[in-house]
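Trainee:
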Amino acid sequence: MKSGSKIKIFNTLLLTIVATLLIVAILVVIKILFSGSKGLEWVTLVGAWCSAAGTLGTLWVAYLAYLKAPAWLSQKHYDVVYSVIEKAIYQDLIKVRSASLILKNHLVTFSKKYRNHLKNETIPQNSFDDFMKETDALVSDLFIISYSVTNALKSINRTNYVMSDYTNSIITNIQSYTEKYNDLSIEFFIASSDVPSLIAADESFRNQTSSELLAIQLKAISFHNQLSNFIKEIYDNNYPIDQFITLKGN
C-alpha cells in the first residue's frame, strides 16, 4: 500500500473517532436536559466509557505512530542525504571549478612574467613575499572549497546510506587535483624564487629556469582543463540522487 493511501486511512480513522466522541457528547447533553438528576448516573457511566474509549483511541494512535516510525526515520535520512548532495554537487562543486580557474590564471600569468624577466634580464619589481602570500591564499581557497564538498559528501555515511562508487570517485578526483595544484605551487615557488639571482647569470641557467616556468604554465592549464571537464561531465550527466548513494545493508 502506498504511503499516501496509508495516511488517508489514518486520517479517516482519526476523524471517525472524533466524530463518535462528538456524537456521544451530544447524546449526554440531551440526556441531562430531559432526564434531570436521574440522568446523572447514566452520564457518569457514559463518561467512564468515553474516558476508556479515549484512552484506547490514544493508545491506538500511538501504536500506529510506532508502526510508522521506521518509515518516517527512513524518509528523514533520505531527505538529509538529498539536501547534502543537492548542495555539495549541484551548488558547491562549481565553486571548485572557479577556484581552480583563478589559481590557474595566477600561475600562468606570473610564470609568463618571470620568464619575460629572465629573457629581458630585468629584475622583478613586485615583492616576492607578497606574491607568494597571494599564491598561498589562492591554493588555500581551492583546498577549503574542495574539502567543504568532499566532507559534506562523506557525511552521507552517518545516515542510513553510504556513498556509491560514483560518489567516491568524485571525492578521489577532487582530492587528486587539489594535491596536484599544491605540488605545482611548490614547484612554482622554487622556480620563481631563483629568478632575481639569475638575471646576471649565464644564459643556460636562465633558460633552464625559464623551461621550468613554462612547464608550470602548461601543467596549470592541463590541471584546470581536466578538472573543469570532470565537473562539466557531472553536470551534463545530471544523475538523480540515487546514483550517489546506496542503502546500508544492500
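Using our numbering, count along the sequence shown one by one with no gaps and you end on 239.
Glycine residues also receive a C-beta, built at the ideal position from the N, C-alpha and C atoms.
1) Assuming the contact rule is C-beta atoms closer than 8 Å, Val85 and Ile163 should be a hit. Round their C-beta distance to whole Å, please.
2) State the start and end residues of the unbroken alpha helix (DSSP H) segment that holds Ile78.
3) Considering only DSSP beta bridges, list what Thr235 is partnered with.
4) So what does DSSP say about Ile112, is it helix, strand or coil?
5) The alpha helix (DSSP H) spanning Ile205 covers which residue range?
6) I need the DSSP call for Asp130, collapsed to helix, strand or coil.
7) Could you compute how far the alpha carbon of Tyr224 sits from the alpha carbon of Leu82?
8) Look at Ile210 and Val97 and say whether their C-beta atoms are less than 8 Å apart.
9) Hey, Leu131 and Leu90: beta-carbon distance below 8 Å or not?
10) Using CA atoms only, rank isn't needed, just tell me which of Ala189, Gly238 and Asn196 is closest to Glu110.
11) Along the chain, where does the alpha helix (DSSP H) that runs through Pro185 open and close?
12) Is the Cβ-Cβ distance between Pro113 and Pro185 less than 8 Å?
13) Select from Ala88, Phe99 and Ile160 the residue whose C-alpha is nearest the C-alpha of Gln206.
14) What does the alpha-carbon distance come out to for the pair Lys221 and Glu168?
15) Which residue wins for smallest C-alpha separation from Gly242, given the options Arg195, Ser158, Thr148 and Ala204?
16) Can you tell me which of the three DSSP states Gly28 falls into?
17) Whose C-beta lies closer than 7 Å to the C-beta of Phe219 among residues of the same chain, with five residues either side of it excluded?
Mentor: Taking the definition as stated:
1) Locating residue 85 in the sequence shown gives position 96, counting from the first residue. Locating residue 163 in the sequence shown gives position 174, counting from the first residue. With a Cβ gap of about 6 Å, Val85 and Ile163 count as contacting.
2) In the sequence shown, residue 78 corresponds to position 89, counting from 1. Segment: none, Ile78 is in no alpha helix (DSSP H) and carries neither H nor E.
3) Here residue 235 is taken as the residue at index 246 of the sequence shown, counted from 1. Beta-bridge pairing links Thr235 to Val151.
4) Residue numbering aside, residue 112 sits at position 123 when the sequence shown is read from its first letter. Three-state DSSP puts Ile112 in coil, outside helix and strand.
5) Taking the sequence shown and counting its residues from 1, one reaches residue 205 at position 216. Counting along the chain, the alpha helix (DSSP H) containing Ile205 begins and ends at Glu192 to Asn226.
6) Here residue 130 is taken as the residue at index 141 of the sequence shown, counted from 1. Here Asp130 sits in helix by DSSP.
7) Within the sequence shown, numbered from 1, the residue matching residue 224 stands at position 235. Within the sequence shown, numbered from 1, the residue matching residue 82 stands at position 93. Looking at the two C-alpha atoms, the distance is approximately 9 Å.
8) Taking the sequence shown and counting its residues from 1, one reaches residue 210 at position 221. Taking the sequence shown and counting its residues from 1, one reaches residue 97 at position 108. Yes.
9) On the sequence shown, residue 131 is found 142 positions in, with the first residue counted as 1. On the sequence shown, residue 90 is found 101 positions in, with the first residue counted as 1. No.
10) Taking the sequence shown and counting its residues from 1, the one referred to as residue 110 is at position 121. When only C-alpha atoms are compared, the closest one is Ala189.
11) By one-based count along the sequence shown, residue 185 stands at place 196. Unbroken alpha helix (DSSP H) run through Pro185: Val184 to Leu187.
12) As a working mapping, residue 113 is identified with position 124 in the sequence shown. As a working mapping, residue 185 is identified with position 196 in the sequence shown. Closer than 8 Å, so yes.
13) Start at 1 with the first residue of the sequence shown, and residue 206 comes out as number 217. Of Ala88, Phe99 and Ile160, the residue nearest in Cα terms is Phe99.
14) The count along the sequence shown starts at 1 and reaches residue 221 at position 232. The count along the sequence shown starts at 1 and reaches residue 168 at position 179. Distance between the alpha carbons of Lys221 and Glu168: 20 Å.
15) Because residue 242 is not part of the residues shown, which for the chain are -10 to 239, the question remains open.
16) Here residue 28 refers to the residue found at position 39 of the sequence shown. At Gly28, the pLDDT of 48 sits below 50, so the modelled position is not reliable; the number obtained from the coordinates is stated separately. Three-state DSSP puts Gly28 in a helix.
17) Locating residue 219 in the sequence shown gives position 230, counting from the first residue. Asn162, listed in sequence order.
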